[in-house]
Every structure is written in structure tokens, then in C-alpha cells.
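Enquirer: Protein chains in written order, with our numbering: chain A, 5 to 330; chain B, 303 to 638; chain C, 8 to 286; chain D, 667 to 998. Even for Gly, the Cβ is constructed at its ideal location relative to N, Cα and C.
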Amino acid sequence: MTEAAPRLEIRNLSVAVGTDEGEARILDRVSLKLMSGSIHGVVGESGCGKSTLMRAILGILPKRGRATEGNVLLDGRDLLTLPPSVFRTKIRGGQIGFIPQDPYQAFNPVFRVGTQLLETTRPKASGNAFDAKADIIALLKAVQLPDPEHALDRYPHQFSGGQRQRLLIAAALASSPAVVLADEPTTALDVTTQAQILKLLRGLAEARGLSMLFVTHDFGVVAQLCDTVTVMYAGQTVESGPVARVLAAPLHPYTKMLLACHPDRSAALSGIPGAVSSPLRPPSGCRFHPRCPSARAECREAIPRTSVHAGQQKVCCLLYEEEERI
Amino acid sequence: MTRFVLHRLLLTIPALFGLFVLTFIMMRVLPNDPSAALAGENATPAQIAAVRKAYGFDEPLWKQFIIYVEQVAHGDLGNSIISNRPVLRDISDRLPATIELTFVSLAFAACVGIPLGTLAAVWYQSLFDHVMRILTVAGLAIASFWFAIILQMIFAMELDWLPLRGRFPEGLAPPLHITGLYLVDSLLTLRFDQFGDAFVHIILPAFTLSLAGLASIARFTRAGVLETMQKEFVHYAEAAGYQRRRIIWVYVLRNSVVGATTQIGLLFGGLISSAVAVESIFDWPGVGSYAVNAILTSDYKAVLAVTLVVGVIYAAVNILVDVVHAWLDPRVAETL
Amino acid sequence: MLILKKFLRDVPAVLGFCIILAMCLIAILTPLIVPDLDRVYDGDLTSRLLPPSADFWFGTDNLGRDVFARVIVGSRGALEVALSVVALAIGIGVPAGLYAGYTDDWGSQLVMRLTDVFLAVPQLILALSIAQLIGRGLNSAMVALALTYWPFFCRTVYGEVRRLRSALFIEAQRSLGASMPRILFVHILPNVASAVIVRATIGMGFTIMTTAVLGFLGVGATPPNPDWGLSVAEGRDYLPQSWWAVTFPGLGIFITVLGFNLFGDGLRDLVDPRLRRSR
Amino acid sequence: MTDARALLEVEHLVTLYGGGRAFLRKPQPTVRAVDGVSLKLTAGQALGLVGESGCGKTTLAKTILGLIRETSGTIELDGKIVSGVSPHEARATRSTIQYVHQDPGAALDPWWSVGHALEEALRIHGASDRAQRRQRVDEMLEAVGLDASFRSRYPHELSGGQQRRIGLARILVLRPHIVVLDEPTSGLDLSVQATVLGVLDGLRKRFGLTYLFVSHDLSVVKRMCEQVAIMFLGRIVEMGPTDEIFARPRHPYTQALLAAIPKLEPGSLQHAPTLPGDPPSGSAAPEGCVFRMRCPFAATQCAEARPPLMSVGDRHVAACVRLDDIETITKN
């Protein structure tokens with residue numbers, strides 16, 4: 005199988021954060037690939053490490069957090085080895101654009117929108133403020149914000165939630181980034197607004213050939229927006245592949261159970277028994293084994309390897325390792 | 303914005319009127335015999351009776367109140383027993399000195415306190431933060447009158463680096479009266495020698511006065527910055543690639559200062575209170591030392607006039623603070 | 008118990024608590040520490056302005072009185088005054104604040120406008136003129152301070168009650184059908200108490216300071232009371248030679264106020280852990 | 667189900683906020699949070715109340731509970747009129763209706779243990795026997811799937827799903843007939859949400875409860891409720907049996923809401939029509955049909971008068987004057 009080089013690749017990334025009660029191993033050998041010009045979804049429930057993954061890619065891990073192993077490769081270059089100053093000037097707001105979760109909280113309420121949107125272009129702009137402003141206004145038109153010419157002089161509270169999210173999308177695109185990271189950008193919005201934003205993102209991605217990593221907890225959103233998907237559980241990647249395949253034929257027991265909880269699928273209201281384990285004392289072996297109905301004795305000890313199915317769908321589970329061997 | 307200022311002004315009126323009534327009550331009700339109090343300590347019964355007649359104290363209380371209102375409406379707060387001049391005139395002569403002193407102290411406290419507080423928050427729980435915490439708590443625990451005397455003892459009496467008291471060298475003519483503020487007037491008339499003289503005189507009182515303000519500005523700046531740094535928009539700014547220095551010194555600091563502006567009013571109250579003792583220690587010819595003299599000489603009219611005037615100034619400062627707050631945070635004025 | 012553990016980790020607050028404890032002990036045990044009250048009130052004119060020595064630890068003042076003994080006895084007075092003032096202010100301010108916060112009628116408005124009037128002038132200025140008018144002396148100073156301090160408690164309680172009244176867990180009580188008095192006394196009052204305690208602790212320090220200022224200006228305690236503020240004023244004329252007569256009473260104020268401020272800060276953090284959240 | 671009696675009947679309910687003007691302030695516009703709502707709750711059934719933020723669904727729920735006083739209209743509970751009284755009295759007469767908050771963690775007194783809080787609910791209602799109270803509390807903890815050890819826990823020690831169960835247990839000890847559930851699953855993970863819904867379903871059967879299920883999530887309502895009412899800007903625009911509404915939505919707003927849900931079949935959203943604009947705020951309600959500003963089918967006649975709820979099927983009503991036109995347009 006010859007593959008094109010991915011735009012962004014996470015390879016075996018582990019992140020630990022020091023807390024008062026000891027070291028929390030938030031991410032454990034996470035791997036995923038974002039191909040150029042595609043949208044890759046990262047799905048998981050709270051506590052699965054989605055936001056830590058985002059912060060690791062952006063180089064803004066919390067003070068006592070560090071990547072213990074692995075790489076974050078952007079166009080083949082390992083971001084983790086970059087000095088912080090390069091990270092700030094070249095990567096964040098440069099090669100990586102970021103769309104935050106809550107448009108209501110992401111703006112500083114006492115500054116005009118224009119000041120904040122133009123802030124990212126500050127360090128790079130070669131002195132031509134007029135150009136930067138014209139560029140942003142063009143982007144505001146692209147994100148279909150009403151009255152884009154005067155938007156920059158207004159304050160955040162004068163915009164609705166959907167409009168603010170459009171502003172933030174424009175901000176993320178301002179530096180023509182190689183990769184856009186989106187952190188649950190529609191969770192805080194109403195369902196009709198969410199539909200607008202999802203359509204807008206899909207349209208922008210197609211028109212501009214964006215490569216986007218889209219984090220969410222909602223399989224429905226993934227189905228509507230993404231080309232490929234990675235499912236995470238308790239800091240580990242459990243399954244990945246093309247969206248249509250994963251949704252139609254999930255392999256990992258966790259993916260199966262999570263999909264079964266979706267209102268479109270479930271007949272009985274069962275849920276997944278138990279709770280996500282604490283990253284302070286993660287279970288040995290496969291982190292899902294305490295809640296897994298198909299768990300066996302080996303699952304406690306053995307760390308599952310990744311096996312590939314039908315050429316595209318990857319799964320981390322002992323059940324399939326054996327299958328492959330046979 | 304005009305609506306906001308107007309609204310704020312009108313809100314102050316009931317409080318000031320209340321204060322006005324309160325001073326009247328204090329004047330007529332609290333002393334056992336206001337006539338005796340007004341006539342002075344060694345007055346004969348005949349003199350007291352004369353005073354009672356002259357001031358209308360034999361009239362019913364409500365009538366006295368109307369007379370009082372009329373007097374004040376004409377800008378007449380009575381004459382000082384000591385100087386025998388209208389107290390309002392005395393106070394207005396001394397007001398510039400107090401304004402100069404409190405303004406310099408407040409400016410110094412803000413210029414030093416805000417950066418220190420911000421740094422303490424940025425270096426949260428570092429050695430700097432801990433030392434700052436101890437120093438600021440200590441700064442708030444020092445009695446300003448005592449600190450003033452200790453500074454006088456060290457820098458004026460022992461070391462003789464700075465003048466012991468006063469606002470200007472004795473015997474020299476003060477700067478030409480333009481604003482009444484020596485530092486400003488001397489600069490306006492380009493008399494830099496006078497500016498130097500005024501400056502060395504203001505150092506000790508202004509530093510004493512600013513100590514508590516500096517400590518509390520540093521403390522609430524630190525608290526404000528810490529709170530703001532938890533906000534989602536700071537995380538977003540980081541992720542979106544704003545410069546860290548700009549995040550802290552522009553975005554976070556402005557929000558923290560906006561949150562803290564309402565504290566400045568209280569701070570100013572503390573400043574005026576301390577100014578009473580500090581002015582009298584340094585013989586600073588301001589309203590504070592005037593108030594102390596009035597109290598020590600039982601000059602009732604003067605004491606009450608000072609109370610009223612300080613109330614009006616304090617209200618003005620608080621309105622100003624609110625207007626600045628509304629200007630810094632566009633959401634405030636829009637709620638009205 | 009968790010709260011106690013958390014408090015013990017806060018070293019400055021524990022230090023503050025120890026200072027307060029020590030001050031209280033000294034105040035209670037004054038008769039044992041200073042058995043001879045002559046050294047406090049009368050003194051010996053033959054031993055005027057002596058520097059600190061083994062006999063007079065803090066030296067003597069212009070009337071030959073033992074500065075150490077005066078500072079110790081002064082602590083008792085300072086604590087007594089502060090305690091009475093704060094207690095009086097709480098006695099007026101807390102019920103007024105509860106009433107104003109709990110009701111929405113004109114009475115509530117009246118109380119809050121009254122606090123506006125008292126807060127329209129800095130407390131010390133108002134206290135000065137009231138004390139002056141009732142007549143000089145420690146008692147009138149105390150009355151003046153309490154009369155001008157209650158609005159602070161009233162405001163605190165009012166704000167807390169209003170905040171809690173719209174809190175979700177109070178609304179839940181209402182939707183369960185709890186009566187208003189029950190909500191007020193069972194749910195709101197315990198939550199308000201912590202805010203009042205914090206205010207009272209910091210208020211103790213603040214009042215000790217203000218009393219000293221009044222004493223210094225000659226409106227509070229009268230000679231020969233060993234009041235700290237008054238002592239500083241009396242010693243001022245003999246500077247810079249007899250520095251001890253001014254320095255030690257001032258240090259007394261400083262340490263006591265410091266103790267209350269540190270402890271109050273720690274208490275506030277304990278009650279409102281918002282700022283202490285680790286990042 | 668013809669003999670099903672109406673346990674609760676709401677007629678032309680209106681709740682206004684704001685209004686009037688204070689001295690030197692901008693006149694506060696009156697917000698018609700609930701604007702002439704009529705609905706019936708049938709004993710033992712669940713009615714879903716769906717709408718986007720700001721549509722007035724929570725205000726409607728709180729007005730029915732009596733926490734907010736209605737401006738006009740009547741509320742009939744068990745055949746007795748209970749409206750027209752102050753919030754304080756209202757909670758006493760409507761004690762068979764109980765309310766579960768959206769954020770049950772914040773609805774618990776942070777200083778009180780779970781057991782204490784649950785018993786407090788009983789104490790409010792005069793249950794003086796201590797042993798009886800304990801027994802009842804344990805019983806309800808068990809009913810929501812928690813064991814008695816939860817008595818001694820504090821609100822901050824509970825997970826999101828547990829907090830919701832405690833919130834349920836707290837009102838269940840009072841043996842209500844009608845339970846108002848305010849966004850009972852918002853903010854929960856899918857796997858937890860499914861368990862909470864399971865508990866809710868079980869409780870309904872076990873205690874014969876009637877639910878008023880307030881939610882913005884149509885897919886949850888679909889699974890839980892027999893009846894659905896769709897709200898927009900203070901008014902009910904469509905109401906009827908759940909199956910019917912999901913299969914044949916008639917009002918353009920309902921159609922848009924259903925189309926906007928991200929479904930699991932990839933690409934379905936791409937072809938669905940999107941609603942222009944943002945959810946409106948209550949202050950600027952236009953004349954005539956409130957939805958016409960965002961409606962793709964709006965015509966001049968929509969601005970003329972407020973459209974009444976018209977029957978479009980078996981107990982299925984919709985408030986739109988162009989229902990027939992829309993049907994022909996969408997068919998072609």
C-alpha cells in the first residue's frame with residue numbers, strides 16, 4: 005500500500021501531566037494521520053484526552069505537562085523539537101489555525117473584534133496594517149458574516165453565537181494555515197446554527213483545500229463533516245479509518261458500544277456500564293478492558309497492537325490481533 | 303454614555319442629601335448643647351445664650367433645618383471660630399495642596415503596584431510571589447502615622463536628606479498661583495528650581511500615603527490577573543498564537559484593571575483618611591491638617607464643613623471611576 | 008477536617024492565627040506579665056527617656072513610664088476596643104443586611120440608601136467628626152467607629168443574600184416547596200456566616216488601626232491610657248533621640264494588624280477557593 | 667387512549683418579563699417569554715417540549731411549576747384551577763408537580779451531604795418521623811440505581827450522571843405525579859446519557875409518572891416521549907404524537923429542526939435545507955407569525971395575523987397559514 009505523505013501525523017504520542025496526586029498519563033501512544041485536503045475527525049467522550057491532544061499539537065501543554073514519547077509531525081517536521089519561540093511565531097496562528105469550542109467565551113469582552121482578529125497577524129505582517137485588514141474583511145465575506153465591513157469595529161457581545169463562531173473561523177484561516185484544528189466548534193451552538201456552521205466548514209474545506217483536524221464527541225457531526233475518523237478512549241486511540249467504514253462496520257468493542265448509544269441506532273437504553281478510568285491510575289494493558297464485554301484475561305496485561313483491516317481500517321484490540329495471526 | 307454619566311450623577315444626589323441631613327443631625331443633636339459648643343470652652347452663660355439666639359437654636363428643629371438649608375444653598379457653611387473666616391474659603395485655599403498630595407500618591411501607587419501585582423500573578427507561587435504577598439500584607443498593616451514619623455526620623459532628622467515638614471521652603475515665595483498645584487505651577491512658569499523644592503517636600507508625605515494604596519493595588523491586580531488568566535479567551539489567545547507578552551500586558555491586564563476600577567474609589571477613601579494624620583505630621587497645608595486643627599480646637603463648623611466637602615469630592619471621584627469603568631468595558635454603559 | 012488540613016497548609020495564615028493567639032494570651036495574662044501597674048500609669052520622673060535595658064526592655068518614655076509595660080497593657084485595650092466595635096457593627100449590620108437582602112419593599116430600599124449615606128464619606132473622616140461631637144474619649148470613639156462601620160457588614164450580607172437568593176440550589180429549595188424563612192435560616196444564613204466571619208476578622212485589624220489613628224489625633228483614648236496611637240503621639244516630641252517611645256507602640260499595632268490580615272486572608276481563600284485553583 | 671384524562675391543562679398561558687421603565691434608564695422592552703401557550707399533559711405520558719435557546723421552554727416549565735407567576739391564562743391541575751396565585755402559594759398547591767434542574771449538581775447545597783439534602787425535601791413537607799424519612803430516602807436511592815452509601819457523599823464528589831440521579835431521587839421522595847425534567851441529558855456523554863434515559867424510563871413505569879420533558883435535543887425526545895410540542899419564540903408552532911411529527915413534520919420550523927440534526931448516514935446534512943439567520947431574542951417579536959423572519963416560505967399573508975394552531979391530523983396541530991402551499995412546494 006503506497007500512501008501519500010500525511011499533512012499532520014501524530015506518532016505514538018504520550019503526554020503526562022503532573023498533579024498534586026501524582027503524574028496523570030493523559031495520552032498513551034496516540035497515533036493518527038491527517039491527509040492533505042481532508043477532514044479527519046477525532047471522536048471520544050469526556051476524559052479521553054481530546055483537548056490535551058490539541059494542546060500538545062499547538063505546543064501549549066499545561067505548565068507541568070510534557071510529552072514523554074512520540075512525535076507530532078507537520079509536513080514531516082517534528083513540532084515537539086521546536087523551540088517555544090518558533091512555535092509561537094511560526095506554528096500557532098501561522099501554520100496551524102485554531103477554532104475554539106465556545107464562541108461565547110473565546111473573545112475578550114473589552115476589546116473590539118478587529119483588534120483581536122488582527123492580533124494573530126501582528127508578528128508576521130510586514131508593517132502593512134491596511135492589507136491585513138482588507139484580507140480579514142475578505143475572509144469575513146467568505147464565512148458569510150453579515151455586514152463584514154463594519155464588523156471589525158464592533159464588540160464581541162454585539163454578535164450572536166453563530167456569528168462569533170464565523171468570526172473565529174475567519175481568524176483561524178487568516179494566516180492561510182497548513183492545518184486547521186477545530187475543538188468541538190459547534191457544541192455550544194443551537195442545532196440550526198450548528199447545521200449552518202457544519203455546512204460552512206464543509207464548503208470552506210472544499211473551496212480552499214483545507215486540511216482539518218476536527219475534534220468532537222458526536223458521531224453524527226463526524227458523519228456529516230469528516231472523511232476519516234479516529235476514535236479515542238481514555239487517552240488511547242482504539243480505532244481509525246474512513247468514516248463510512250467505521251460507522252457501517254465498527255470493529256473495536258468500544259466503538260461498537262458508543263455507536264449503539266447513538267439515538268439513531270439504539271433500541272434499548274443501555275449505555276456503557278462503568279466509568280472512564282482515572283489517568284492517575286490507568287488500567288494495565290488495554291485501558292478499556294474493565295468495561296469491555298469481550299475482555300479476556302490477556303487484555304489485562306498485553307498492550308494491544310494495531311492491526312489493519314480491509315487495507316484502511318485500523319483497530320487496537322487483542323481480538324483482532326489473533327484474527328490476523330490466523 | 304451621556305445617559306450613563308447623568309444617571310450616575312443623579313444616583314449620587316440622595317446619598318449626598320442624606321449626608322447633608324446627617325451632618326445637620328450631628329451638629330444639632332449629638333452635642334448636649336450646641337450653643338455651648340459653638341461659643342467655645344470658656345464661654346459665660348450669657349455668651350452661650352447670645353449664641354443660642356444668634357443661631358436660632360431656640361427655634362424648633364425643622365425650622366432650624368430650613369435655615370441650615372438656606373445657608374448652605376448660599377454657600378455659607380459658617381465661619382471658623384479660629385480663623386474667623388468662612389470655613390468654605392479656608393477649605394478651598396487648602397484644597398489644592400491635598401489634591402496634589404493624594405494625586406501624586408495614587409499615581410505612584412498605581413505605577414508601581416500594577417506591574418508588581420501582574421508579575422506576582424504571572425510568576426504565581428514563585429519566590430517573587432511569596433515575597434510580594436508578605437510585603438503587601440505588611441504594607442497594609444503599617445499605621446501610616448507611625449510610618450510617617452519613622453520616615454521623618456530616619457530621612458529628615460538623622461540623615462537630613464529630605465525636608466522635615468512643609469510644602470515649600472519657609473521664607474521662599476511659592477510658585478505663581480495658576481492651578482494651586484506647586485508641581486504643575488512651577489513647570490508652567492518654567493521655574494525648575496521651584497519644581498525641585500516642591501518635589502523634595504512632597505517625597506516623604508506622598509510615599510507614606512501611597513504605601514497602603516500600593517499594597518492594595520498590587521493585591522487586587524494580582525487577584526484580577528490570576529482570575530482573568532483562567533478565562534477561556536486567554537486559552538484561545540494562546541492557541542491562536544497571540545504573543546505571550548501582549549496576552550498578559552494588554553489583554554489580561556486590561557480586563558483585570560477593568561474589574562478592579564471599582565476598587566479605586568474605596569482606595570481613594572482610604573487615602574483621604576490617611577491624609578488627615580499624614581498631613582498634620584508633615585505640616586502639609588491641606589484639608590487634612592485643617593481638619594485636625596479644627597478637631598483639636600473644637601471648631602464645629604469647620605469639622606462639619608470638611609465632612610461635607612470630603613463627601614462631595616469622594617462622590618465625584620466615585621463617579622469618575624464609574625465613567626472610566628464604563629469607558630473601559632463597553633458592556634457597562636449599554637445596560638442602561 | 009479537610010478544611011482544617013487545607014488551612015494548615017497555608018503557612019502565612021497559620022502564622023496570622025498564631026499572632027492572634029499570642030496577642031489574646033498576652034491580653035488575658037497582662038496582670039501576670041505586668042504586675043506593677045505603676046510602671047504603666049505613673050512612672051518615675053527620675054528615670055525619664057531611658058534607652059532599652061535589662062530593666063526597661065523597651066526603654067522609658069518622657070514621664071519615666073515603662074514602654075514595655077505600656078505596650079503590653081495597650082494590647083488589652085486595643086483588642087477590647089476592636090472586639091466591641093466589630094461586635095456592635097455586626098449587631099447592627101447583619102440583621103439590617105439580612106432584612107434588606109431578603110425583602111424587596113421600601114424598607115429594604117431605606118436600609119440600603121442609609122448605608123449609601125454612611126459610605127458617602129470615608130469612614131475615618133465621619134468617625135472623627137462624630138467622635139468629636141459626642142465628646143472626646145475612648146467610649147465616644149468606640150461608638151463613632153461602630154456607627155460608621157456597620158454599613159460594611161450590611162453591604163456584605165446584603166450582597167451575599169442577593170447572590171444566594173438567585174443561586175440554583177436555593178431555587179431548587181423553592182421548587183421543592185420550602186418556605187422563605189426556612190430557606191433564609193437553614194440555607195442562606197450558614198452561607199452568609201462565612202462571609203461575615205472573614206469580614207469581621209479583617210475588620211478587627213482595620214478597627215485596631217483606626218482606633219490608633221483616633222488616639223494619635225487626640226480624639227480617642229486620653230492620657231494616661233497606654234493606647235498605642237496615643238503613645239506614638241506622646242513620644243513624637245522626643246525624636247530622634249528617644250526613638251523607642253515611638254517605635255515599639257507602632258510595632259505593636261503593626262504586628263497585631265498583620266496577624267488579623269494574614270488570618271483573614273487565609274480564611275477568605277478557604278471560603279472562596281476560586282483564586283487558589285491550581286492551573 | 668381515548669379515555670386518558672388530562673392531568674394538567676394549560677390554557678392561553680402568557681408570561682412577560684421586563685417592561686416598564688426605571689428613572690433615566692432605557693425603557694426595557696417587554697419580553698413575551700411565553701406567548702399564549704395551551705397544552706395538555708395526559709396521565710402516565712411524556713410530553714416533549716422542544717426548542718432552541720431563548721424559545722421560552724424553561725420559562726414555560728417554571729410558570730407551570732409556579733416558580734414564576736403567569737401574566738395571564740389558566741393552569742388546571744387534576745381538574746382544579748391552580749393559577750392566579752403568588753409563587754409562594756403556587757408551590758404549595760402544586761406540590762404534585764416537581765422539577766429536576768438542568769444542572770442538578772448546582773441545585774444541591776454544596777455544604778450538605780446527599781442524604782441530608784434528600785431528607786430536607788421530606789422535612790419541608792412535614793415528614794417528621796426520622797426512621798421513616800431514612801427508609802424513604804434509601805428506597806428512592808435504590809430506585810434511581812444508587813446504593814445507600816451515597817447518603818454520606820457530597821455534591822462535588824458525584825459524577826454528572828450520579829448528580830442527575832440524585833436530582834431525581836430528591837423529588838421522587840415526595841411522590842410527585844408530574845415531573846418536569848429540564849434538559850435532563852445536556853452536557854452528558856452519550857454513554858452516560860443512555861443510562862440516565864434508561865433510569866428515567868424505568869422510573870416512569872415503576873411509579874406511573876407523567877413527564878414534561880424540556881429539551882433542545884429532538885433525538886432524545888423521540889426516544890422518550892409520546893407527544894412533542896415544538897416551541898419558537900414563546901409559542902408552540904407544532905404539537906402532536908411523536909411518531910407522526912417525526913414522520914410527517916408540517917411546520918417549516920419543525921422540518922428545519924429535524925433536518926439540522928447530524929445523523930449517522932454520511933452526507934445527509936449536505937442536501938438538507940438550512941435555516942437562515944440566528945435564533946431570535948424574545949424582545950423583537952414581529953407581528954403575525956413569529957417564525958416568518960427565518961422562514962424560507964414566508965409570504966405577505968404571514969405578517970398579517972398570528973396563525974392559529976390548526977388540526978393537521980389525529981391530535982396533530984400546526985400553526986402556519988401556508989401548510990398546504992408548503993406541502994405542494996416540497997413535493998415538487
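Note down, in chain order, each residue of its chain lying with its Cβ closer than 6 Å to the Cβ of B:W463, except the 5 sequence neighbours on either side.
Expert: Working through the second sequence from its first residue, we reach residue 463 of chain B at position 161. Counting only Cβ-Cβ distances below 6 Å, and skipping sequence neighbours, we find F457.
Enquirer: Could you spell out where the alpha helix (DSSP H) holding A:R55 opens and where it closes?
Expert: Counting from 1 along the first sequence, the entry for residue 55 of chain A is found at position 51. This sequence places Ser at residue 55 of chain A; Arg is not what is there. First-last of the alpha helix (DSSP H) with A:S55: 54-62.
Enquirer: Helix, strand or coil for A:T191? Go by DSSP, reduced to three states.
Expert: Start at 1 with the first residue of the first sequence, and residue 191 of chain A comes out as number 187. A:T191 falls in the coil class under three-state DSSP.
Enquirer: What residues in the segment 199-210 of chain C bring their beta carbon closer than 9 Å to a beta carbon of chain B?
Expert: Flagged: no residues at all.
Enquirer: Would you call B:T304 buried or exposed, if buried means 16 or more other Cβ atoms sit within 10 Å of its Cβ?
Expert: Here residue 304 of chain B refers to the residue found at position 2 when the second sequence is read from its first residue. Per the 10 Å Cβ criterion, exposed.
Enquirer: From the DSSP output, which residues share a beta bridge with D:F898?
Expert: Along the fourth sequence, one-based indexing puts residue 898 of chain D at 232. Answer is D:R901.
Enquirer: Taking only three categories from DSSP, how would you classify B:E460?
Expert: Along the second sequence, one-based indexing puts residue 460 of chain B at 158. It is helical.
Enquirer: Rounded to whole angstroms, what's the CA-CA distance from A:P160 to D:L923? Just pull it up for me.
Expert: Locating residue 160 of chain A in the first sequence gives position 156, counting from the first residue. Locating residue 923 of chain D in the fourth sequence gives position 257, counting from the first residue. So the two alpha carbons sit approximately 27 Å from each other.
Enquirer: State yes or no: is the beta carbon of C:S54 nearer than 8 Å to at least one beta carbon in chain B?
Expert: Locating residue 54 of chain C in the third sequence gives position 47, counting from the first residue. Answer no: the Cβ-Cβ gap between C:S54 and chain B never drops below 8 Å.
Enquirer: State the beta-bridge partners of D:P918 as determined by DSSP.
Expert: Taking the fourth sequence and counting its residues from 1, the one referred to as residue 918 of chain D is at position 252. None, per the DSSP bridge assignment.
Enquirer: How big is the Cα-Cα spacing for A:V21 and A:L12?
Expert: The residue labelled residue 21 of chain A in the question sits at position 17 within the first sequence. The residue labelled residue 12 of chain A in the question sits at position 8 within the first sequence. Straight-line Cα distance between these residues: approximately 23 Å.
Enquirer: Counting only Cβ pairs nearer than 7 Å, list the residues of chain D close to A:Q200.
Expert: On the first sequence, residue 200 of chain A is found 196 positions in, with the first residue counted as 1. Those within 7 Å of A:Q200 in chain D are T940.
Enquirer: Using C-beta distances below 8 Å, list every residue in its chain close to A:K318, excluding the 5 sequence neighbours before and after it, in chain order.
Expert: Within the first sequence, the letter at position 314 stands for residue 318 of chain A. The answer, listed in chain order, is E243, S244, G245, T310, S311, V312.
Enquirer: What runs of the beta strand (DSSP E), each 3 residues or longer, lie entirely inside the segment 75-108 of chain A?
Expert: 100-103, all fully within the segment 75-108 of chain A.
Enquirer: Taking A:P189 as the reference, which of A:T93, A:L217, A:N16 has the closest Cα?
Expert: By 1-based counting over the first sequence, the position of residue 189 of chain A is 185. The option with the nearest alpha carbon to A:P189 is A:L217.
Enquirer: Determine the closest residue to B:A562 out of B:G526, B:S575, B:S428, with distance taken between C-alpha atoms.
Expert: Position 260 of the second sequence, counting from 1, holds the residue named residue 562 of chain B. B:A562 has its Cα closest to that of B:G526, out of B:G526, B:S575, B:S428.
Enquirer: In whole angstroms, what is the alpha-carbon distance linking B:V626 and A:E27?
Expert: For the purposes of this step, residue 626 of chain B is identified with residue 324 of the second sequence, where counting begins at 1. For the purposes of this step, residue 27 of chain A is identified with residue 23 of the first sequence, where counting begins at 1. Distance between the alpha carbons of B:V626 and A:E27: 46 Å.
Enquirer: Please name the residue, chosen from C:V239, C:D244, C:Q248, C:R275, that lies closest to C:F261 on a Cα-to-Cα basis.
Expert: Within the third sequence, numbered from 1, the residue matching residue 261 of chain C stands at position 254. Closest by alpha carbon: C:V239.
Enquirer: Determine the DSSP secondary structure at A:A129, reduced to helix, strand or coil.
Expert: Taking the first residue of the first sequence as 1, we reach residue 129 of chain A at position 125. Annotation note: pLDDT 47 at A:A129 (below 50); position unreliable, coordinate value reported separately. Looking at A:A129 - three-state DSSP - the assignment turns out to be coil, as it is neither helix nor strand.
Enquirer: Can you tell me whether DSSP reads B:S558 as helix, strand or coil?
Expert: Numbered from its first residue, the second sequence carries residue 558 of chain B at position 256. Helix.
Enquirer: Check A:E305 in the structure and name its three-state DSSP category.
Expert: On the first sequence, position 301 is the one that residue 305 of chain A refers to. Reduced to three states, the DSSP call for A:E305 is helix.
Enquirer: Can you check whether the CB of D:A926 is closer than 8 Å to the CB of A:A199?
Expert: Locating residue 199 of chain A in the first sequence gives position 195, counting from the first residue. Locating residue 926 of chain D in the fourth sequence gives position 260, counting from the first residue. A contact, by the Cβ cut-off of 8 Å.
Enquirer: For C:D234, which residues from the same chain have a beta carbon less than 8 Å from its beta carbon, with the 5 sequence-adjacent residues on both sides left out?
Expert: Along the third sequence, read from residue 1 onward, the residue named residue 234 of chain C stands at position 227. For C:D234, where only same-chain residues beyond five positions count, the Cβ hits under 8 Å are G81, G84, A85, L145, T218, A219, G222, G227, A228.
Enquirer: Please return the same chain residues whose Cβ sits closer than 6 Å to the Cβ of B:F410, not counting the five positions on each side in sequence.
Expert: Indexing the second sequence from 1 puts residue 410 of chain B at position 108. Correct list, in chain order: S512.
Enquirer: Short of 6 Å in beta carbon distance, which residues of its chain neighbour B:L516, apart from the five on each side in sequence? Order them along the chain.
Expert: In the second sequence, counting from the first residue as 1, residue 516 of chain B sits at position 214. Contacts found: A411, V414, G415.
Enquirer: At a CB distance below 8 Å, what residues from the segment 909-934 of chain D approach chain A? Give them in sequence order.
Expert: So the list reads A922, L923, A925, A926, I927, P928, K929, L930, E931, P932, G933, S934, given in the order they occur along the chain.
Enquirer: Give the DSSP bridge partners of A:S244, in chain order.
Expert: As a working mapping, residue 244 of chain A is identified with position 240 in the first sequence. According to DSSP, which records beta bridges pairwise, A:S244 is partnered with A:T234, A:K318.
Enquirer: What whole-angstrom Cβ distance do A:L172 and A:R116 have, given they're in contact under 8 Å?
Expert: Counting from one through the first sequence, the residue named residue 172 of chain A turns up at place 168. Counting from one through the first sequence, the residue named residue 116 of chain A turns up at place 112. Rounded, the Cβ-Cβ distance is 15 Å, inconsistent with contact.
Enquirer: Kindly indicate if chain D contains any beta-carbon less than 8 Å away from that of C:M149.
Expert: Taking the first residue of the third sequence as 1, we reach residue 149 of chain C at position 142. Chain D contact via Cβ: absent.
Enquirer: Does DSSP put A:R158 in a helix, in a strand, or in coil?
Expert: For the purposes of this step, residue 158 of chain A is taken as residue 154 along the first sequence, with counting starting at 1. Three-state result, A:R158: coil.
Enquirer: Excluding sequence positions up to five away, which residues of its chain have a Cβ less than 6 Å from the Cβ of D:L989?
Expert: Here residue 989 of chain D refers to the residue found at position 323 when the fourth sequence is read from its first residue. The residues are R916.
Enquirer: Would you say A:E49 reaches chain D, if we count a Cβ-Cβ gap shorter than 8 Å as a contact?
Expert: Position 45 of the first sequence holds residue 49 of chain A. Yes, its Cβ sits closer than 8 Å to a Cβ of chain D.
Enquirer: A:P10 by DSSP, collapsed to three states: which one?
Expert: Within the first sequence, residue 10 of chain A is the residue found at index 6, counting from 1. Reduced to three states, the DSSP call for A:P10 is coil.
Enquirer: Span of the beta strand (DSSP E) holding C:G71?
Expert: Locating residue 71 of chain C in the third sequence gives position 64, where the first residue counts as 1. Careful: C:G71 lies outside any beta strand (DSSP E) and carries neither H nor E.
Enquirer: Let me confirm a value: A:V90 is counted as buried when at least 16 other C-beta atoms fall within 10 Å, else exposed. Which label applies?
Expert: The residue labelled residue 90 of chain A in the question sits at position 86 within the first sequence. So A:V90 counts as exposed.
Enquirer: In chain D, which residues lie with their C-beta within 8 Å of the C-beta of C:S173?
Expert: On the third sequence, position 166 is the one that residue 173 of chain C refers to. Chain D residues near C:S173: none, gap ~12 Å exceeds 8 Å.
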